[in-house]
Amino acid sequence: MEQEAMYLVKHAKTAKELRTGLSVLLPKQHGLTNAGTGESLGVSIATILRMQKEIRQRVNGTTEQKRKWGGRRRQLMTVEEEKAFLEPWVAEAEKGGVLIVPPIHKALEQACGRTIAPSTVYRLLARHGWRKIAPDTYHPKRDVAAQDDFKKNSAKQWRNQREKTPQTYRYE
Numbered sequence: 052m053e054q055e056a057m058y059l060v061k062h063a064k065t066a067k068e069l070r071t072g073l074s075v076l077l078p079k080q081h082g083l084t085n086a087g088t089g090e091s092l093g094v095s096i097a098t099i100l101r102m103q104k105e106i107r108q109r110v111n112g113t114t115e116q117k118r119k120w121g122g123r124r125r126q127l128m129t130v131e132e133e134k135a136f137l138e139p140w141v142a143e144a145e146k147g148g149v150l151i152v153p154p155i156h157k158a159l160e161q162a163c164g165r166t167i168a169p170s171t172v173y174r175l176l177a178r179h180g181w182r183k184i185a186p187d188t189y190h191p192k193r194d195v196a197a198q199d200d201f202k203k204n205s206a207k208q209w210r211n212q213r214e215k216t217p218q219t220y221r222y223e
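In the working numbering, the protein residues as written are 52 to 223.
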């Protein structure tokens, strides 16, 4: 283990490799504790132990692949299962163009066998290309002519209010 650390120190190309080699050499050759080694290298004791473990695994030949961050470690269903779960809802929504969340939420809770936050359904839909669309400013099936006629011919209520307001409250 000491030889591997010495080789790593001599051929280090990065500061991390140098620190990893020194994490073994300083305690062995100079009798430093892990706390002292960490202080001299500018890292925590946990990092020193991790570096020593890395060298120990290299020597033993039991290096394990480094795990990557991210992923869906707490997933309820795989992506394929989610797609299969959403198929009937999507087919129904394509006819009407709207996905309603409460029934999907209830069905998802039954499929998983536990309570689930409503935000999970929204994230599920977002993963599969559905998103919440802002409502229109007007009804899509409106009668434009009838609306324009109403705007032009409706009585303005604020004109009538002025005549009903007593003289003492008028601001002129």
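The beta carbon of each residue, even a glycine, is placed where N, CA and C say it ideally should be.
Boundaries (first-last residue) of the alpha helix (DSSP H) holding residue i
i	result
D194	Counting along the chain, D194 falls outside any alpha helix (DSSP H), and DSSP gives it neither H nor E.
S74	A66 to H81
A158	V152 to C163
K117	Segment: none, K117 is in no alpha helix (DSSP H) and carries neither H nor E.
G89	N85 to L92
M128	Per DSSP, M128 belongs to no alpha helix (DSSP H) and is neither H nor E.
V149	Counting along the chain, V149 falls outside any alpha helix (DSSP H), and DSSP gives it neither H nor E.
I106	I96 to N111
S170	P169 to R178
Spatially closest choice to residue i from the options, by CA coordinates
i	options	result
E105	E68, A197, Q161 and H62	E68
H179	V195, E143, I151 and V130	V130
E39	L100, V110, G87 and G89	Past the edges of the chain, shown from 52 to 223, lies residue 39, and the structure says nothing about it.
E160	L127, K117 and I96	L127
A56	K157, K64, T71 and E143	T71
W181	P78, K202, K134 and K192	K134
I175	F136, G164 and K146	Going by the sequence as given, residue 175 is Leu instead of Ile. Checked all of F136, G164 and K146; the closest Cα to L175 is F136.
T171	K203, R125 and D199	R125
For residue j and residue i, believed in contact at Cβ under 8 Å, the rounded distance
i	j	result
I99	T113	No, I99 and T113 are not in contact; Cβ-Cβ is about 20 Å, not under 8 Å.
L173	V152	This sequence places Tyr at residue 173; Leu is not what is there. The Cβ separation is near 7 Å, so the contact holds.
L77	V60	10 Å between Cβ atoms; not a contact.
L150	A144	5 Å
S95	L83	Not confirmed; about 15 Å, so no contact.
Buried versus exposed call for residue i [16 or more other C-beta atoms within 10 Å across all chains shown]
i	result
T166	exposed
V195	exposed
S205	exposed
H156	buried
V75	buried
C-beta neighbour in chain B for residue i, strict 8 Å
i	result
K203	Here there is only one protein chain, and chain B is not present.
Residue i beta carbon near the ligand FMN (any heavy atom closer than 7 Å)
i	result
K79	For the structure depicted, the ligand FMN is absent and the ligand set is empty, with no information on it obtainable.
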